[in-house]
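Peer 1: Numbering (this note's numbering), first residue to last: 318 to 710.
All residues carry an ideal CB built from backbone N, CA and C; glycine is no exception.
In this text, all values refer to a predicted model and were calculated from it rather than measured experimentally.
This is how it looks when you write it as structure tokens:
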């Protein structure tokens, strides 16, 4: 049977249209499978859409979706290849360049990511999204001055866009300018209080400033917004917060609440003997894990008499001490540390005088710790010492 030239022409012209229709169907099926979580099935459909109409706009979309499916499957090199193919078809698609750049950035291919972000910016120089991506690339590369310049551009172009302030906050944080970082993060919250990540970063900055209560306030906010972020921030605060005494007590006979002119024999009967010595102790509970060697180092502790200006008054209330007064050694003899219960027991020697009438003002004896926690943090200077009257200060 002969086919007329008119019918042949009609068949040839209709074939691309049919292929395009089939490609659209494959693309639609792929999107449905992707939404159902069948990423392998989706990838197969996206590849079929590309094969059916390899130079169409649908092929560009299929490459875009294919890259996303590959990322879900953990196939990052394949995702990068898909975006490269898409950009060969549509080099003017700034959104594809940004997505391609984002994967490169995740892979720490900073120079290549920077190239894509700059190309996207050339296509749309006033896009705050493109500027933000470029700023994040500079930040990841450690080019803080470059990042700051770009984020400042965003705040100039769009003062109502929180991205510039957020990026500036991140940059100041990286510079160790925590107060400035806090200011920028607060700017973000004033624009969009639903942006959860800013509370995490604000909490980090507060923690690094030693403002633990403010940092914990961000944990409370995140517990409602994103519990996993709240847990992350809580762990960070625990790690960087300075350690402190939670509790101090003695069950060895050292009566730290007893006042001036307390006979030594009242603390231990053996001290009724001239020149007798006994080991007494104080126990201290910390609020976090401590470095064992630091706690058990006697030279990280100091035992002294309260001075003028001390909370609770000076030793013997500032009055001249009697001739019977004994002096405790400045350093303990030994310390044991129980890491499970965060408890240190500090042993020190008390020595009677030759007349067996030695006295002491236990309530104004100060125990201070100068060591560090398991993370290398020094003690909170507001809670690093204990006295019978002053308590933990």
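Tell me which same chain residues have a C-beta within less than 6 Å of the C-beta of residue 654, skipping the five on either side of it?
Peer 2: Only 609, 612, 613, 661 meet the Cβ criterion.
Peer 1: Identify every residue that forms a DSSP beta bridge with residue 596.
Peer 2: Answer is 666, bridged to residue 596.
Peer 1: Check each candidate in 540, 449, 530 and name the one with the smallest Cα separation from residue 312.
Peer 2: The displayed coordinates of the chain run from 318 to 710. Any statement about residue 312 would go beyond what the structure contains.
Peer 1: Mind checking whether residue 750 and residue 576 have CB atoms under 8 Å apart?
Peer 2: The shown model of the chain, from 318 to 710, leaves out residue 750, and the question about it has no answer.
Peer 1: The beta strand (DSSP E) that contains residue 284, what's its start and end?
Peer 2: This structure does not reach residue 284, given that the chain is present from 318 up to 710, and the question cannot be answered.
Peer 1: Which whole runs of the alpha helix (DSSP H) in the stretch 368 to 447 are 4 residues long or more, in chain order?
Peer 2: Fully enclosed alpha helix (DSSP H) runs of 4 or longer: 374 to 389, 393 to 406, 411 to 423, 427 to 440.
Peer 1: I'd like the list of long-range same chain contacts for residue 363, defined as Cβ closer than 8 Å, with 5 residues on each side in sequence excluded.
Peer 2: Same-chain partners within the cutoff: 343, 344, 347, 379, 380, 382, 383, 386.
Peer 1: Between which two residues does the alpha helix (DSSP H) containing residue 549 stretch?
Peer 2: 544 to 557 is the extent of the alpha helix (DSSP H) around residue 549.
Peer 1: Taking the alpha-carbon positions, what's the residue 398 to residue 404 distance?
Peer 2: Taking the straight line joining both Cα atoms gives about 10 Å.
Peer 1: Mind checking residue 702: buried by the 16 CB within 10 Å criterion, or exposed?
Peer 2: Residue 702 is buried by the Cβ-count criterion.
Peer 1: Our contact map puts residue 445 next to residue 480 with C-beta atoms below 8 Å; I'd like the distance itself, whole angstroms only.
Peer 2: 6 Å between Cβ atoms; contact.
Peer 1: Taking DSSP's pairing of strands, which residues face residue 655 in a bridge?
Peer 2: Bridge partners of residue 655: 660.
Peer 1: How should residue 447 be labelled, buried or exposed, when 16 other C-beta atoms within 10 angstroms of its C-beta is the threshold for buried?
Peer 2: Looking at its Cβ environment, which holds 16 or more other Cβ atoms inside 10 Å, residue 447 is buried.
Peer 1: Quick one, which of 677, 632, 502 has its alpha-carbon nearest residue 707's?
Peer 2: The shortest Cα separation from residue 707 among 677, 632, 502 belongs to 632.
Peer 1: Taking the beta carbon of residue 416 as the centre, do at least 16 other beta carbons fall within 10 Å, making it buried, or is it exposed?
Peer 2: Counting Cβ neighbours within 10 Å, residue 416 comes out buried, since at least 16 surround it.
Peer 1: To the nearest angstrom, report how far apart residue 691 and residue 606 are at their CA atoms.
Peer 2: One C-alpha to the other measures close to 6 Å.
Peer 1: DSSP three-state call for residue 333: helix, strand or coil?
Peer 2: DSSP places residue 333 in helix when its eight states are reduced to three.
Peer 1: Under the rule that 16 or more other beta-carbon atoms within 10 Å means buried, what is residue 636, buried or exposed?
Peer 2: The residue is exposed, with fewer than 16 neighbouring Cβ atoms inside 10 Å.
Peer 1: Using three-state DSSP, classify residue 490 as helix, strand or coil.
Peer 2: Note: residue 490 maps to helix in three-state DSSP.
Peer 1: So for residue 472, helix, strand or coil by DSSP?
Peer 2: Residue 472: helix per DSSP, three-state reduction.
Peer 1: Going along the chain, which residues of its own chain have a beta-carbon closer than 8 Å to the beta-carbon of residue 471, five neighbours each way excluded?
Peer 2: Within the same chain, residue 471 has close Cβ partners 445, 448, 449, 452, 478, 480, 481, 484.
Peer 1: Measuring alpha carbon to alpha carbon, tell me which residue in 578, 644, 595 is nearest residue 585.
Peer 2: Among 578, 644, 595, the Cα nearest to that of residue 585 is on 595.
Peer 1: Is residue 671 buried or exposed, if buried means 16 or more other CB atoms sit within 10 Å of its CB?
Peer 2: Label assigned to residue 671: exposed.
Peer 1: State yes or no: is the C-beta of residue 554 within less than 8 Å of the C-beta of residue 524?
Peer 2: Yes. Within cutoff.
Peer 1: Within the continuous beta strand (DSSP E) that includes residue 692, where are the two ends?
Peer 2: Careful: residue 692 lies outside any beta strand (DSSP E) and carries neither H nor E.
Peer 1: Tell me whether residue 423 is buried or exposed, calling it buried when 16 or more other Cβ atoms sit within 10 Å of its Cβ.
Peer 2: Looking at its Cβ environment, which holds fewer than 16 other Cβ atoms inside 10 Å, residue 423 is exposed.
Peer 1: So residue 575 is in the beta strand (DSSP E); what residue range does that whole segment cover?
Peer 2: Counting along the chain, residue 575 falls outside any beta strand (DSSP E), and DSSP gives it neither H nor E.
Peer 1: Assign residue 375 to buried or exposed, taking buried as 16 or more other Cβ atoms, counted over all protein chains shown, within 10 Å of its Cβ.
Peer 2: Classification for residue 375: buried.
Peer 1: Under three-state DSSP, which class holds residue 514?
Peer 2: Correct three-state label for residue 514: helix.
Peer 1: Just the C-alpha distance for residue 475 and residue 469, rounded to the nearest angstrom, thanks.
Peer 2: Cα to Cα, residue 475 sits roughly 10 Å from residue 469.
Peer 1: For the candidate residues 674, 646, 619, whose alpha-carbon lies nearest to that of residue 640?
Peer 2: It is 674.
Peer 1: With DSSP run on the structure shown, which of helix, strand or coil describes residue 704?
Peer 2: Residue state, collapsed to three classes: strand.
Peer 1: Go to residue 566, then tell me how far its beta strand (DSSP E) extends in each direction, as first and last residue.
Peer 2: 562 to 566 is the span of the beta strand (DSSP E), which, as asked, contains residue 566.
Peer 1: Determine the DSSP secondary structure at residue 642, reduced to helix, strand or coil.
Peer 2: In this structure, residue 642 counts as strand in the three-state DSSP scheme.
Peer 1: Within the continuous alpha helix (DSSP H) that includes residue 502, where are the two ends?
Peer 2: It spans 495 to 508 - the alpha helix (DSSP H) in which residue 502 sits, taken as one unbroken run.
Peer 1: If contacts are defined as beta-carbon pairs under 8 Å, then residue 564 and residue 602 qualify, I think. What distance do you get, rounded to the angstrom?
Peer 2: The Cβ separation is near 4 Å, so the contact holds.
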